[in-house]
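Numbering (the working numbering), first residue to last: 20 to 221.
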């Protein structure tokens with residue numbers, strides 16, 4: 020989004036390395052805090068490898084990735100955002116009936132949603148960017164994954180904390196295969212080959 024609109028952002032996470040002020044342009048948020056089209060399509064591709072009935076996105080931002088995921092799901096995308104002002108300008112808020120926007124602290128809102136759903140088919144963790152929260156979200160999601168589920172973790176080399184979280188997640192006993200695309204990591208819970216980590220470029 021190229022909008023010059025400026026909004027007030029209360030960041031619940033580690034913030035932005037590029038734009039760290041309280042007031043931020045929508046265009047800057049889109050440029051620095053949103054996944055590129057290439058990776059939005061990558062998330063969509065992996066979502067399609069699952070039953071894709073229940074899809075979670077932790078970190079709505081401008082809603083661009085939400086839109087790609089909504090085109091892949093046969094059910095519902097639940098997307099979480101901590102900033103009300105960001106959520107209010109998210110792209111797919113109008114015209115995408117299979118997206119549920121959940122506003123608030125993910126640490127509080129995610130457990131409430133998980134109580135209501137049976138399975139998480141695909142999840143994207145791309146919020147707060149702290150070690151503690153990333154691991155916490157992953158552990159919560161583990162309670163609802165199956166052998167066909169896939170979890171993606173964004174910005175795994177964004178900071179030492181995020182890389183530490185990625186190293187721990189890919190080594191978790193529940194993870195059978197991990198793919199490292201540098202900008203993101205993908206983990207699987209069923210794999211016909213010996214457990215390993217693949218470093219890939221796209």
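Don't be surprised by glycine CBs; every beta carbon is placed ideally from N, CA and C.
Using CA atoms only, rank isn't needed, just tell me which of the options is closest to residue i.
i, options, result
"residue 95", "103, 78, 83 and 120", "120"
"residue 84", "93, 98, 73 and 158", "98"
"residue 65", "91, 73 and 194", "91"
"residue 135", "145, 80, 163 and 151", "163"
"residue 72", "86, 93, 61 and 89", "93"
"residue 101", "68, 59, 123 and 185", "123"
"residue 74", "129, 209 and 153", "129"
"residue 138", "178, 60 and 167", "167"
"residue 208", "174, 221, 191 and 176", "191"
Give me, in chain order, the residues of the same chain whose beta-carbon lies closer than 7 Å to that of residue i; leave out the 5 immediate sequence neighbours on both sides.
i, result
"residue 189", "197, 204, 206 and 216"
"residue 68", "169"
Rounded to whole angstroms, what is the Cα-Cα separation between residue i and residue j?
i, j, result
"residue 155", "residue 146", "12 Å"
"residue 111", "residue 82", "Any reading at residue 111 must be qualified, since the residue scores a pLDDT of 49, below 50, and its modelled position is unreliable; the value itself is stated next. Their Cα atoms are separated by approximately 6 Å."
"residue 161", "residue 114", "31 Å"
"residue 148", "residue 183", "11 Å"
"residue 193", "residue 103", "35 Å"
"residue 89", "residue 180", "30 Å"
"residue 58", "residue 127", "28 Å"
"residue 223", "residue 117", "Residue numbering for the chain in the displayed model covers 20 to 221; residue 223 lies beyond these limits and cannot be assessed."
"residue 226", "residue 140", "There is no way to answer for residue 226, as the model of the chain reaches only from 20 to 221."
"residue 80", "residue 210", "32 Å"
"residue 186", "residue 150", "11 Å"
"residue 220", "residue 125", "30 Å"
"residue 174", "residue 201", "8 Å"
Starting from the C-beta of residue i, find all residues in its chain whose C-beta is less than 6 Å away, skip the five residues before and the five after it, and write them out in chain order.
i, result
"residue 78", "145 and 146"
Since residue i and residue j should fall inside the 8 Å C-beta cutoff, what is the C-beta to C-beta distance between them, to a whole number of angstroms?
i, j, result
"residue 143", "residue 62", "6 Å"
"residue 170", "residue 157", "7 Å"
For residue i, which residues does DSSP report across the bridge?
i, result
"residue 205", "171 and 198"
Would you check whether the ligand PLP has a heavy atom nearer than 6 Å to the C-beta of residue i?
i, result
"residue 202", "Looking at this structure, you won't find the ligand PLP or any other ligand, since it has none at all."
Ordered along the chain, which non-local residues of its own chain (more than five positions away) have a Cβ less than 8 Å from that of residue i?
i, result
"residue 159", "129, 130 and 133"
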